[in-house]
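Asker: One structure, pasted below without further comment.
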Amino acid sequence: MSDTIFGKIASGEIPADLVYKDEDVVAFRDISPQAPTHLLVIPRKPIPTLDAAGPEDAELLGKLLLVAAQVAREAGIAERGYRTVINCNAEAGQTVFHLHLHVLGGRPMQWPPG
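Just so we're aligned, residue 26 is where the sequence shown starts under this note's numbering, counting upward by one.
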């Protein structure tokens, strides 16, 4: 497990408001939400960025997206719409270097996002 805050959440070392967990993926509420619903979906495997993922991670990456859709439905934001975001590296806004997918909803989203 990585020594980032997300790695520590994935291992159970640091508590979080979990909304989903299994042997591969953990999802929890963001402590600094940017929307009424802001969830983070992370792999337990310590992959620092999307760019660092390899072909061996294809199934896990697909599972992250499926879990994102599931937690969006369970949070009641799927029908009206939600946004998924993966920031990759510092210039894109990544601040925790453990791959994570944001699920944002509960308000209208603007475009372009950044």
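Backbone N, C-alpha and C fix where the C-beta goes; we use that ideal spot for every residue, glycine too.
Taking only runs of the beta strand (DSSP E) that begin and end inside the stretch 74–133, which ones reach a length of at least 3 residues, in chain order?
Answerer: Taking 3 residues as the shortest admissible run, the stretch 74–133 contains the following complete beta strand (DSSP E) segments, listed from N- to C-terminal end: 107–110, 126–130.
Asker: Under 9 Å between the Cβ atoms of L89 and I67?
Answerer: yes
Asker: Using a 10 Å radius around the Cβ and a threshold of 16 neighbouring Cβ atoms, would you call I34 buried or exposed?
Answerer: buried
Asker: What is the rounded straight-line gap between the Cα of P133 and the Cα of T109?
Answerer: 13 Å
Asker: Excluding sequence positions up to five away, which residues of its chain have a Cβ less than 8 Å from the Cβ of A61?
Answerer: Checking the sequence, you will find Pro at residue 61 rather than Ala. These residues qualify, in order along the chain: G130, G131, R132.
Asker: With distances taken Cα to Cα, identify the nearest neighbour of V51 among Q59, N112, L65.
Answerer: L65
Asker: Considering only residues of the same chain and omitting the five flanking positions on each side of I111, which have a CB-CB separation below 6 Å?
Answerer: L75, L126
Asker: Put A35 into one of helix, strand or coil per three-state DSSP.
Answerer: Secondary structure at A35: helix, using DSSP grouped into helix, strand and coil.
Asker: Are the beta-carbon atoms belonging to I29 and P58 less than 9 Å from one another?
Answerer: According to the sequence displayed, residue 29 carries Thr and not Ile. It is not a contact, given that the beta carbons lie outside the stated cut-off.
Asker: Quick check on DSSP: helix, strand or coil for I56?
Answerer: Assigned with DSSP and collapsed to three states, I56 falls in coil, not helix or strand.
Asker: Can the beta-carbon of V44 be found less than 9 Å from the beta-carbon of F53?
Answerer: yes
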